[in-house]
Amino acid sequence: MTRAARVLGALLALTLPFWLQNPYYLHVVIMAGIFGVLSLSLNLLLGYTGQLSLGHAAFFGIGAYTSALLTLSLAWPVWPAMLAAVALTALSGWIIGRLALKLRGAYFVLVTISFAGVVSLVSVNWMELTNGPLGLPGVPAPALGPWSLRTKTAYYYLVLAAVALSYLVCARLVNSRIGRAFLALRENEPLAESVGVDVTHYLVLAAVVSAGLAGLGGSLYAHYTRFVSPEVFLFTYTVTMVIMVVAGGKGTLAGPLVGALLFTALPEALRLATSWQWQMLAYGVLLLLLVYFLPRGIVPALRGLRGRRAS
1152 MTRAARVLGA LLALTLPFWL QNPYYLHVVI MAGIFGVLSL SLNLLLGYTG QLSLGHAAFF
1212 GIGAYTSALL TLSLAWPVWP AMLAAVALTA LSGWIIGRLA LKLRGAYFVL VTISFAGVVS
1272 LVSVNWMELT NGPLGLPGVP APALGPWSLR TKTAYYYLVL AAVALSYLVC ARLVNSRIGR
1332 AFLALRENEP LAESVGVDVT HYLVLAAVVS AGLAGLGGSL YAHYTRFVSP EVFLFTYTVT
1392 MVIMVVAGGK GTLAGPLVGA LLFTALPEAL RLATSWQWQM LAYGVLLLLL VYFLPRGIVP
1452 ALRGLRGRRA S
């Protein structure tokens, strides 16, 4: 049944643009896919190594600005610009990993928040490079030879490929010796170090891969909206990622994707159904109920229910 559900899910994902005739609904799904990539990236740190990063919006913004600047200022093709965005954000993750080498818990959180604040200030005040609060309009859309991916349907499949690639990268990591080292660090770091796990190496590796995937999400966002401004560094983006990971089920591969889909579509549905004041109230109440009744997240709760039925 699990295999059949996966096949049906894949078929639904591949044919979704033919079912969603309204471009607005397809836009929501595309944004959910971009947040799915971001949630998978944060889950590597939060779910598998136990390190909470509240500066993930910085990697998202660096990826978006790198891709936009390379295509606009240096006239790079989109695909090399996207690869450069991933590489630069991965380098930023390495720097943060090295800076926070001896820091854990609240101190690591402070480092990531400070890093995000510094990058945000640079984007606002370095007018010659980033155009400051005015942002960078006219970011080009990707193309495959003579075919442009400017339409929502075409971009949906690009985002779907990025989600699948991010999922496969995370799955390969967490199901390997590296993933077992991540889990050992999360559960008991001193014990893991005592049996030969190189704490520094694996934490930096997690930060690098996590930042690189977040940069991919930022690049996808830049070429989809075709406009980048300092708003990409808003703290609300990081909070949204944390909500998606925790509510979907941290430490699982499917959880961040479920959380991204749910918490991208839910605010839009509430916005259409209620006024702004009631929307925020309903959103907060639903989030509290979800955390109270499903403290481990949606995906672990569904797995537990399936296990009880099987027994």
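Per the working numbering, residue 1152 is the first one in the sequence shown, and the count goes up by one each step.
Using N, Cα and C, we set each Cβ at its ideal position, and we do this for glycine too.
None of the values given here were measured: they were computed from a predicted structure.
Closest Cα partner of residue i within the set the options
{"i": "residue 1310", "options": "1167, 1430, 1455, 1269", "result": "1167"}
{"i": "residue 1275", "options": "1244, 1372, 1380", "result": "1380"}
{"i": "residue 1413", "options": "1434, 1372, 1163, 1429", "result": "1434"}
{"i": "residue 1295", "options": "1230, 1207, 1244, 1364", "result": "1230"}
{"i": "residue 1442", "options": "1410, 1404, 1326", "result": "1410"}
{"i": "residue 1261", "options": "1207, 1402, 1307, 1436", "result": "1207"}
{"i": "residue 1393", "options": "1454, 1197, 1322", "result": "1197"}
{"i": "residue 1136", "options": "1266, 1248, 1400", "result": "Given that the chain is displayed from residue 1152 to residue 1462, the structure contains no residue 1136 and the question cannot be resolved."}
{"i": "residue 1238", "options": "1365, 1257, 1320", "result": "1365"}
Start-to-end residues for the alpha helix (DSSP H) that takes in residue i
{"i": "residue 1336", "result": "1328-1338"}
{"i": "residue 1358", "result": "1350-1376"}
{"i": "residue 1447", "result": "Residue 1447 -> no alpha helix (DSSP H), and no H or E assigned at all."}
{"i": "residue 1301", "result": "It is not in any alpha helix (DSSP H) - residue 1301 carries neither H nor E in the DSSP assignment."}
{"i": "residue 1258", "result": "1257-1276"}
{"i": "residue 1388", "result": "1386-1399"}
Cβ distance (whole Å) where residue i is taken to contact residue j below 8 Å
{"i": "residue 1314", "j": "residue 1188", "result": "6 Å"}
{"i": "residue 1199", "j": "residue 1357", "result": "7 Å"}
{"i": "residue 1205", "j": "residue 1407", "result": "No, residue 1205 and residue 1407 are not in contact; Cβ-Cβ is about 16 Å, not under 8 Å."}
{"i": "residue 1264", "j": "residue 1240", "result": "The Cβ separation is near 17 Å, so there is no contact."}
{"i": "residue 1337", "j": "residue 1448", "result": "Not a contact, Cβ separation roughly 15 Å."}
{"i": "residue 1248", "j": "residue 1210", "result": "Not really, about 12 Å apart at Cβ, beyond 8 Å."}
{"i": "residue 1361", "j": "residue 1242", "result": "Between residue 1242 and residue 1361 the Cβ distance is about 13 Å, and since that is not below 8 Å, they are no contact."}
Cβ shell of residue i (< 7 Å), same chain only, five flanking positions each side left out
{"i": "residue 1221", "result": "1227, 1232, 1235"}
Near the ligand HEM: residue i beta-carbon under 8 Å from a heavy atom
{"i": "residue 1309", "result": "Absent from the structure shown: the ligand HEM. Ligands present: none."}
Residues of its chain near residue i, where Cβ-Cβ distance is below 8 Å and the 5 sequence neighbours each way are ignored
{"i": "residue 1284", "result": "1275, 1380, 1381"}
{"i": "residue 1174", "result": "1303"}
{"i": "residue 1215", "result": "1236, 1369, 1370, 1372, 1373, 1379, 1383"}
{"i": "residue 1377", "result": "1288, 1289, 1290, 1291, 1292"}
{"i": "residue 1353", "result": "1200, 1329, 1332, 1333, 1336"}
Chain-order list of residues whose beta-carbon lies under 6 Å from that of residue i (same chain, five-residue window excluded)
{"i": "residue 1348", "result": "1332, 1335"}
{"i": "residue 1301", "result": "1292"}
{"i": "residue 1405", "result": "1450"}
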